[in-house]
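Note that the protein sequences, when read in sequence, are chains A, B and C. Residue numbering for the first sequence follows this note's numbering, beginning at 30 and increasing consecutively. Residue numbering for the second sequence follows this note's numbering, beginning at 9 and increasing consecutively. Residue numbering for the third sequence follows this note's numbering, beginning at 620 and increasing consecutively. Encoded as structure tokens, the structure appears first; notes follow it.
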Amino acid sequence: MTLPDTLTVSGLSVRYGRRSALDGLTLPPIAAGSVTALVGPNGAGKSTILKALAQIIPSTGPMRFGARDLRSTRLRERSSLIGFMPQALPQGTELTVIESVIVAMHGAVASDALERQAIAVLQRLDIVEHALSPLDRLSGGERQLVSLAQAIARRPRLLFLDEPTSALDLARQLQVMQQIRSLAVEGAAVIVVLHDLSLAARWADQLIVLDHGRLYAAGTPQGVLTPAMLADVYGVHARVERIGDRLVVLPESAVPSTTTF
Amino acid sequence: MSGAALAAGRRSTEALAAYARLKRRRRMLLALLGCAGLAAFLLDLGTGPASISIPDAVSALLGFTELSHAREVILWQVRLPVALMAVLVGASLSLAGAEMQTVLANPLAEPFTLGISYAAALGASVAIVLGIGVTAFGGPWLVAGNAFLFALASLLLVQALARFTSAGAETLILFGIALGFAASAVLSLIQFIASAEALQQIVFWSMGSLARADWSVVTILACVLALVAPFSLRAAWPLTALRLGEERAISLGFDTERLRLLALVRVSLLAATSVAFVGVVGFVGLVAPHIARMLVGEDHRYFLPASLLVGALTVSAASIASKLVVPGIIIPIGIVTALVGLPGFVWLVVRRHRRPA
Amino acid sequence: MVVSSLIHHLAGAAGRPAARLRFGALLGLFAWVAVLLAPAVVHAAPIVMTDILGRTVTLEKPAQRIVLGAGRSLSVLGLIHPDPASLVVGWRDDFKRDTGSYDAWLKRFPIIADIPVVGGAAGESLSVETVTTLEPDLVILSLYDAEAPGMARSIEVLGQLGIPVLVVDFFSQPLDNAMHSLRLLGQALGAERKAEDFIAFYEGKLSLVRERLANRPFERPGVFMHVHAGGMPCCSTPGHGTFNEVIELAGGRNLALDHVPGLYGEVSLEQLLVDDPEFYIATGGAHLAARGGLVLGTGIDAATAKGTFAHLLATPGIADLTAVRQQRAFAVWHMFNDSPVNIVLIEKLAKIFHPELFADVDPQATINAINRDFLAVPMLGTYWIDP
């Protein structure tokens, strides 16, 4: 059995003008077929990492997936390889749901199959009944699902999702995380930014904790989610309980701040 | 197969069928717009004090009948160039407006938002008042050549300035507004030192007039549109993707910087050429895309052609109106497009955003 | 048949000596017939003119269906033709702005109310289509109108339609072009005699003014002409053209020349106060009534005119001019421009600037003479106001 392709990122740096948001960050290897959750407080740089990995913003530092150097991959190929879901939901457009997914697939799939595949993706996320609705008539949650549909439409090998469940209700949340899991099972390497630590613990194989643009910890949920980490990184006193085979994070009170951010 | 799967399968089939119907409806709307545009063009051809009816005009154009010499001259030298110019200007400005609204992610963008109209007027006034031509053209082409170059330069300047900042679309608009103010200030200065007759010429030029159309002007504008439009249509997919957000578009593999630059070059060419020969015809570039959007949605494969057709139809209708309002006098087209387009636009907005009963 | 038998006879007669006398008589008959027919032949000759722009304009016969680029040209036609309104089939209706003159002409020729309009403002294109429906045989344009870029296309199409376009000028360079233009109009209307009469009248009066100024050395007083005065911020003024030549001819010096590069323009109130002219001449007309400006001209009574002038002179800034304070401020009718009746204005200004040289010159008498001998509709009203 061949080893699954692995995403390796080392020395990743991102600069905004004179400020450096990320400085030589090295991530643990992320294997295809796994779900990695990227967590950390606001402003830690989680979205920045995803955007850098998707090459939406400029960055430096080698990035490889398997034998492939991601930086030298041509734009077209790269867009088929990488699926990205931005944090911002599509706004202010009357494009219908199905059209938005078809656009996301254009160039990657043959034209006559486009529509069927688009419907199939919508089917998978259970939003087919909205296929002909204009995006600006949908609720936030529905739009988030559409955004996800656009990300996964091309069946990418690498999937970077920035808070894919932030606007979703409980049922949809479950549904989406299940889909993400099955995408991983189908062979994708998935990195998900999540705020809900319990959710992350439930669905991710690996947790990466980011703090001020630096890697604080990486490992299994059990290994990483400790009260010590929560106090240190989040500034919160919390209990980490085990309920059945699930880890649950229960915040209690804020740590009196002695340091400034 | 489970009941749920069957239901899901049925929903999928329904969705596909519904989408096919949607596409069919859009194609029909496009065809309808085309027909309406043709009808307006023919009506424009048949409107005017000289008694040349539409059937007369058409058969004379096709060579089946021959009108009196005076009528032939009127048909070929007055009515036809004006009618063609109306269609070309309307198509150019609204295609430009459609691309601008997408590329700047701003529904209020139109070819003149980035200060083009002021820059073009400035170029024209420099030619009229100071007799200085930036181009090699002289004589009647002096004013048009200047207007064109100033308009083009203003857009490129705005684009260059925006490169120094990070946020793409918003800074472009801000720089465009600033440039518009600057050009307008210099224009006021030139008007101030101008002789009264030059001043009057500047004012007339600014009001926009199709009556200056002759065959060379029509040919130039037709060539520019014929050259630019295919490139616009080729960019339909990337432009549609841009509607989903800058980051999304980049992630889908589209070079948004280049897309924006090329789109603005196309917009510059279309707008600058129109303004150079016809003067400032505002409003069409703003409203026609909105009407098109309401009719066929934002898939640019339909949206761009629809904008083009709606624009052509609008200015054609305005041309007809401008001849009919006051007998003997042709109202400047820029005024009419506003008067004709505004109520229609307001009606459409009200209809769409009506408060639920 | 007569001719052929005559020729027969001639052919026969040429050889025989006794018939030589008959031959001579027949030749005489021919000559007499030719002389009779001559006027008809001469009358059928086309009228060929070279207009102000040097263009050759040809008319088959005197124009009877004229389109006027400037409606006010009607009053100029009225100098050489007793019923010019019957000749005009279309115009721009700027004439209506001078309500006094228009009303006088309307009373005399009610049909002018129905003359179709062919265009908007001067310098902007004509509705050529409307012009064709009127089937004109001549279009008369003023120079400033014909030279405007907005008119180029209209003139081009008129040419293609074969409608003659005659360019005249009483406005831009009146002294160079006015008499030539009047002569052209005389030719176009078949009223050459009347035109020559007026030209002789005009040139007689003009040479008087010129000679008197040439014979004696004189100081040119500084003059500021405030055109369309009142109701608007100061000041519109003629530059290198229009009234400028009139001022110069009358022995004055147009102070605005330093400030205005073109035909006419604006000078600020401050600049006017700095220049402090020796004479302040304001022009006005019925068209300024709506904006509370200086009103005088045809159909305006002296009291009204004086009232508006007093109001103008009370304007802050203008009231402070030395010329105003020292009773050297005058008002004249604006519509003396763009017309050969500007001879009246020349005489009036000459009297103002050099009263000692022109004590015997009587502009009112000149108006009376024009009314009596030339104008179809006489000029009756207030045409100047003295301090």
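By construction, the Cβ of each residue, glycine as well, lies at the ideal position given by its N, Cα and C atoms. Predicted model, so just to flag it, every value in this text is computed and none were measured.
Using a cut-off of 7 Å between C-beta atoms, extract the partners of residue i located in chain B.
i	result
GLU588 (chain C)	Outside the modelled stretch of chain C, which goes from 620 to 1006, sits residue 588 (chain C), for which no answer is possible.
THR751 (chain C)	ALA58, ALA78, ILE82
ARG184 (chain A)	Here the premise fails: no neighbours, minimum Cβ distance about 14 Å.
ILE85 (chain A)	GLU255, ILE258, SER259
ARG831 (chain C)	By Cβ distance, chain B contributes nothing, its closest Cβ being about 33 Å from ARG831 (chain C), past 7 Å.
Around the C-beta of residue i, are 16 or more other C-beta atoms found within 10 angstroms, so that it is buried, or is it exposed?
i	result
LEU116 (chain B)	exposed
ASN796 (chain C)	buried
ARG145 (chain A)	exposed
ALA267 (chain A)	buried
LEU104 (chain A)	exposed
GLU128 (chain A)	buried
ILE272 (chain A)	exposed
ALA357 (chain B)	In the sequence under discussion, the amino acid at residue 357 (chain B) is Val, which differs from the Ala named in the question. Exposed: under 16 other Cβ atoms inside 10 Å.
PRO857 (chain C)	buried
VAL660 (chain C)	Unreliable positioning characterises VAL660 (chain C) in this predicted model, as indicated by a pLDDT of 49, which lies under 50. The coordinate reading is nonetheless provided below. Burial call: exposed.
ALA948 (chain C)	buried
SER168 (chain A)	exposed
MET93 (chain B)	buried
PRO53 (chain A)	What sits at residue 53 (chain A) in the sequence shown is Gly, not Pro. Flag for GLY53 (chain A) reads exposed.
ILE1004 (chain C)	buried
TRP952 (chain C)	buried
LYS813 (chain C)	buried
TRP232 (chain A)	buried
How would you list, in chain order, the residues of chain A whose beta-carbon sits under 7 Å from the beta-carbon of residue i?
i	result
ARG274 (chain B)	Within 7 Å Cβ-Cβ: nothing; ARG274 (chain B) doesn't reach chain A, min ~20 Å.
ARG301 (chain B)	GLU123
Look up residue i in the DSSP assignment and say whether it is helix, strand or coil.
i	result
PHE183 (chain B)	helix
LEU940 (chain C)	coil
MET851 (chain C)	coil
VAL660 (chain C)	At VAL660 (chain C), the pLDDT of 49 sits below 50, so the modelled position is not reliable; the number obtained from the coordinates is stated separately. Here VAL660 (chain C) sits in helix by DSSP.
VAL288 (chain B)	coil
LEU915 (chain C)	coil
PRO89 (chain B)	helix
ASN71 (chain A)	coil
PRO256 (chain A)	helix
GLY17 (chain B)	helix
GLY248 (chain A)	strand
How many whole angstroms separate the CB atoms of residue i and residue j, which I take to be in contact at a CB cut-off of 8 Å?
i	j	result
PRO33 (chain A)	ALA61 (chain A)	4 Å
ALA969 (chain C)	THR902 (chain C)	ALA969 (chain C) to THR902 (chain C), Cβ: 16 Å. No contact.
Give me the chain A residues within the contact set of residue i, using Cβ-Cβ distance strictly less than 9 Å, ordered along the chain.
i	result
ASP307 (chain B)	LEU124, THR125, GLU128, ILE131, VAL132
Would you mind stating whether residue i and residue j have Cβ atoms separated by less than 8 Å?
i	j	result
ALA99 (chain B)	LEU53 (chain B)	no
GLY105 (chain B)	LEU187 (chain B)	no
VAL205 (chain A)	PRO193 (chain A)	yes
VAL963 (chain C)	PHE955 (chain C)	yes
ILE671 (chain C)	VAL787 (chain C)	yes
LEU801 (chain C)	LEU696 (chain C)	no
ILE328 (chain B)	ALA47 (chain B)	no
PHE189 (chain A)	ILE209 (chain A)	no
MET844 (chain C)	ILE900 (chain C)	yes
SER773 (chain C)	VAL747 (chain C)	yes
THR179 (chain B)	ALA190 (chain B)	no
ILE60 (chain B)	LEU51 (chain B)	no
THR264 (chain B)	LEU252 (chain B)	no
GLU897 (chain C)	PRO840 (chain C)	yes
Quick one: list the residues of chain B neighbouring residue i, beta-carbon separation under 9 Å, in chain order.
i	result
VAL157 (chain A)	ALA16, ARG19, SER20, GLU22, ALA23
ARG107 (chain A)	GLY261
PRO119 (chain A)	ARG251, LEU252, GLY253, ARG256
Which chain C residues are close to residue i, counting only those with a beta carbon under 7 Å from its beta carbon?
i	result
GLN85 (chain B)	VAL776, GLN779
Which chain C residues are close to residue i, counting only those with a beta carbon under 8 Å from its beta carbon?
i	result
GLU378 (chain B)	With chain B represented from 9 up to 365, any question about residue 378 (chain B) goes unanswered, as that position is not in the structure.
Below 7 Å, is the gap between the Cβ of residue i and the nearest heavy atom of the ligand HEM?
i	result
LEU250 (chain B)	For the ligand HEM, the structure offers nothing, since it holds no ligand at all.
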